[in-house]
Structure formats: structure tokens, C-alpha cells
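Under my numbering, the letters of the sequence shown match residues 493 to 792, in that order. So the structure is just underneath, and the comments pick up after that.
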Amino acid sequence: MDITKELHEKLLFYWEILIESIPRITLSIIITTIFILIAIGLTKAFRKKMMQKAENKLVVDYVVKLVKFLLILAGIILGLHTMGLTGIAGGLLAGAGAGAVILGFAFKEIGENFLAGVILVFDRPFNLGDTVTVEGNMGKITALNFRTTEMKTFDGRDVYIPNILVITNEVYNHTQDGFLRLDFLIGIDYDDNITEAIKGITKIVNANSEVLKNEKTLVLIDEFAASSVNLKVMFWVNTKDYKISALETKTEIMRTVKNYLLENKFGLPANIQEIKMYKPEPIPIIIKKESDVISLSKEK
């Protein structure tokens with residue numbers, strides 16, 4: 493009976509505490525919810541407004557994510573304080589430094605990638621929408637997260653590269669300056685007029701609307717190959733949309749140059765083998781009738 497009575501008193505005691513705490517718990521939930529809603533709504537509106545004006549959208553995107561995280565964290569701490577869990581709230585604040593050190597050792601990779609993300613924000617080797625090549629992956633930067641850099645390749649793959657790899661490896665930015673030089677090789681016959689070919693190809697390339705006119709187009713002799721004189725065609729394009737202005741433009745120019753050379757009777761030789769006889773003696777050629785060949789095979 494004593495045990496039952498004691499258990500009943502304990503349950504009653506905790507029930508009274510729970511009833512007394514309901515207003516504080518409710519208020520805590522409301523405060524935390526308000527902070528979460530403010531964090532989502534405010535950062536969404538701020539992001540939309542700043543993205544329209546900011547030159548470097550990558551910085552805006554990263555700062556918005558950081559502010560959102562801090563607002564939610566502030567709401568959780570204030571909610572704990574409202575519930576009367578001041579010790580826990582204070583411990584979260586006071587132990588933030590020590591916790592960071594502990595987490596740094598426990599989650600070394602996560603810590604490295606987070607710091608690498610901060611460095612990328614201030615170093616700014618690329619912006620959102622830039623076409624870059626990192627770790628053999630080529631595509632457009634779509635996001636910079638706390639741990640990874642997100643990229644969309646031209647074949648539709650979503651690639652997430654750890655930030656630490658981005659800052660410790662070579663990054664090729666194809667669009668940061670707004671223009672890019674492309675080139676290709678094309679071979680003409682040794683008997684063709686090289687000067688006329690160069691003039692014609694230069695004119696064809698410059699006639700394309702996507703080729704930058706303030707950058708010089710070059711058509712140079714690249715090498716004397718076995719069966720052709722190889723010309724290297726070099727031109728500059730705008731890279732606001734890399735996939736269109738670069739890749740498709742290059743294909744269109746190559747097609748147009750090929751048609752021009754064929755229409756103007758320039759030879760486009762394939763690989764051939766040339767046999768030269770340095771001895772003056774004539775080559776002996778024996779022509780046999782088909783009947784002789786057949787009879788010879790029968791005799792065998």
C-alpha cells in the first residue's frame with residue numbers, strides 16, 4: 493500500500509507540474525514556430541530581392557542560408573529559455589565554442605567543408621550559373637551549400653562536390669570573363685591556295701553573329717601533316733549561355749567552313765599512303781587472262 497500511495501503521489505506531483513508548465517510550453521512552441529516562420533519568410537523575401545540586384549549571387553545565396561540557420565537556432569534557444577530550461581539554453585551558448593572544437597575533431601570532414609565554403613564565399617572563384625570544370629566534372633554552378641558545391645552537368649547529372657576539393661584543386665571557370673576562345677583543326681590539300689583558304693575561313697567565322705567582333709579571329713597553319721596542311725581556326729564567343737553560344741556555335745562554324753571549302757574546290761584529304769619509287773627502272777607488270785588463271789589453278 494505504501495508503494496502504491498507513494499507512486500500515486502509522485503504521479504500527481506508530476507501531473508501538477510505538467511499542468512503548470514503547459515502555458516510555458518505553449519508559449520515556447522509559439523515562439524519557436526514564429527522564429528522558424530520568420531526565418532523562412534524573411535530569408536526567402538531577402539533572397540528574392542537581393543538576387544535581382546546582386547552581382548555575385550553565390551554570396552547572397554550562402555549568406556541567406558546562414559542567416560536562416562542562425563534565426564532558427566535563436567528561436568530554439570529562446571524557446572528553451574521560455575520553458576524554464578535556462579540551463580540548457582545557457583549551456584548551448586556557453587558551450588558553443590567548446591562544442592565547435594569537439595565537433596571539429598569528431599566531424600573533421602564536415603568542419604573542413606564548412607570552412608572551405610566560407611572561403612569560397614569570400615574568394616569567389618565562380619558565381620551561380622557559371623560554367624566551370626572541377627574534378628573532371630563540367631557544368632553550371634547551381635548552389636553553394638555548407639558542405640558541398642552543387643553543379644548541373646550538360647547531360648543532366650546533379651554533382652555534389654565537397655567544398656574542400658573545390659578549394660584544393662584546379663577550378664576552370666569558362667564564363668567568368670564573359671568570353672571564351674574556341675578552336676578546331678581542318679586540313680586542306682597541299683596543292684590548294686593556303687592564303688585564299690585562310691581569308692575565306694576568316695570571313696566565314698566573322699560572319700557568325702555569336703562570334704565576338706572585338707576579339708581577333710585567327711586562322712593559322714598548325715602543321716604539315718602526312719596528307720594535308722592543317723589549319724587551326726581560333727575565335728571568341730560570348731559565354732552568357734555556354735551551351736548555346738559556345739558548343740552549338742562551334743558546330744555551326746565547323747559545318748559552314750566545311751561547306752565553303754568544298755564549294756570552292758578546296759581538297760579535304762583523308763589519311764593516305766604515298767609510295768615513291770626512287771629507282772629509274774620501270775616496274776614490271778604482268779597481265780594474265782582470266783582463263784590462264786583458272787587453268788593454272790586447275791593444274792595445281
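Glycine included, C-beta positions come from ideal geometry on N, C-alpha and C. Since this is a predicted model, take the numbers as computed values, not measurements.
Where residue i falls, given that 16 or more other Cβ within 10 Å makes a residue buried
| i | result |
| --- | --- |
| isoleucine 696 | buried |
| alanine 738 | buried |
| methionine 643 | buried |
| isoleucine 786 | Because the pLDDT at isoleucine 786 is just 49, under 50, the model does not fix this residue reliably, and the value given afterwards should be weighed accordingly. By the neighbour-count rule (16 or more Cβ atoms within 10 Å), isoleucine 786 is not buried but exposed. |
| valine 711 | buried |
| proline 776 | exposed |
| isoleucine 680 | buried |
| asparagine 655 | buried |
| threonine 645 | exposed |
For residue j and residue i, the rounded distance between their alpha carbons
| i | j | result |
| --- | --- | --- |
| threonine 694 | serine 720 | 19 Å |
| leucine 657 | asparagine 619 | 17 Å |
| valine 626 | lysine 724 | 27 Å |
| leucine 754 | lysine 632 | 37 Å |
| valine 624 | histidine 666 | 6 Å |
| valine 613 | aspartate 553 | 10 Å |
| aspartate 714 | asparagine 722 | 5 Å |
| aspartate 622 | glutamine 668 | 7 Å |
| glutamate 601 | asparagine 637 | 14 Å |
| leucine 503 | lysine 560 | 41 Å |
| methionine 726 | tyrosine 770 | 40 Å |
| asparagine 518 | glutamate 662 | In the sequence under discussion, the amino acid at residue 518 is threonine, which differs from the asparagine named in the question. Going from the Cα of threonine 518 to the Cα of glutamate 662 covers about 53 Å. |
| aspartate 647 | arginine 616 | 25 Å |
| isoleucine 653 | alanine 608 | 12 Å |
| lysine 691 | asparagine 698 | 11 Å |
| alanine 566 | isoleucine 511 | 26 Å |
| isoleucine 564 | threonine 709 | 55 Å |
| alanine 717 | threonine 687 | 18 Å |
| lysine 540 | valine 610 | 21 Å |
| lysine 536 | isoleucine 495 | 57 Å |
| lysine 768 | alanine 762 | 19 Å |
| tyrosine 752 | methionine 746 | 10 Å |
| alanine 689 | threonine 731 | 28 Å |
| arginine 516 | tyrosine 664 | 55 Å |
Option in the options with minimal Cα separation from residue i
| i | options | result |
| --- | --- | --- |
| isoleucine 528 | Gly571, Val555 and Leu674 | Gly571 |
| lysine 750 | Lys632, Thr496, Phe646 and Phe676 | Phe676 |
| isoleucine 678 | Met769, Thr748, Ile521 and Ile495 | Thr748 |
| aspartate 683 | Ala566, Gly759 and Ile522 | Gly759 |
| asparagine 685 | Lys757, Lys540, Tyr652 and Ile523 | Lys757 |
| asparagine 629 | Asp650, Leu534 and Ile523 | Asp650 |
| serine 701 | Thr687, Ala717, Lys708 and Val729 | Val729 |
| phenylalanine 606 | Thr640, Thr574 and Ile530 | Thr640 |
| glutamate 744 | Val703, Thr687 and Ser520 | Val703 |
| phenylalanine 671 | Glu688, Asn698, Val556 and Asn706 | Asn706 |
| threonine 525 | Lys540, Lys536, Val556 and Ile569 | Ile569 |
| threonine 741 | Leu674, Tyr752 and Ile767 | Leu674 |
| isoleucine 521 | Lys557, Leu558, His573 and Leu562 | His573 |
| threonine 660 | Lys557, Ala531 and Glu604 | Glu604 |
| alanine 635 | Val555, Ile530 and Pro515 | Val555 |
| glycine 533 | Tyr664, Tyr752 and Lys557 | Lys557 |
| alanine 531 | Thr731, Ile514, Leu562 and Pro515 | Leu562 |
Bridge partner(s) assigned by DSSP for residue i
| i | result |
| --- | --- |
| phenylalanine 716 | Val721 |
| threonine 623 | Lys632 |
| methionine 726 | Asp675 and Leu710 |
| isoleucine 523 | Isoleucine 523 is not bridged to any residue. |
| isoleucine 680 | Val721 |
| valine 552 | DSSP lists no partner for valine 552. |
| valine 703 | Val729 |
What runs of the alpha helix (DSSP H), each 4 residues or longer, lie entirely inside the segment 631-677? 655-660
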